[in-house]
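The working numbering numbers the first residue of the sequence shown as 1 and each following residue consecutively. Ideal Cβ placement from N, Cα and C applies to all residues, glycine included. Computed from a prediction, not measured in an experiment: that's the story for all the values here. See below for the structure under consideration.
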Amino acid sequence: MRFCVVARGSLSETSDHLIIALDDNIITSKVFDAYYIEHESCLKLINGYILYLKNKKGGE
């Protein structure tokens, strides 16, 4: 589960970099929106897997 928590943190860091890139006009809003949709999808998957692992550990 520790790996998943680290992955979630890395995903948040990537999101921060995307916001900075948008603010500095390195990427367009269209590019940002596309990546942000992927970000949200990945975040839901990671959080769901963490919840699954917690429930599995508690059910043993």
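{"Asked": "Residue from LYS56, ILE46, GLY58 with nearest C-alpha to PHE3", "Found": "ILE46"}
{"Asked": "LYS56 to MET1 span [Cα, whole Å]", "Found": "11 Å"}
{"Asked": "SER12 versus TYR36, ASP24, SER29, residue with shortest Cα-Cα distance", "Found": "TYR36"}
{"Asked": "Run of the alpha helix (DSSP H) containing ASP16, from where it starts to where it stops", "Found": "2-23"}
{"Asked": "HIS61 versus LYS54: straight-line alpha-carbon distance, rounded", "Found": "The structure shown does not extend to residue 61, since the chain is modelled only from 1 to 60, so the question has no answer here."}
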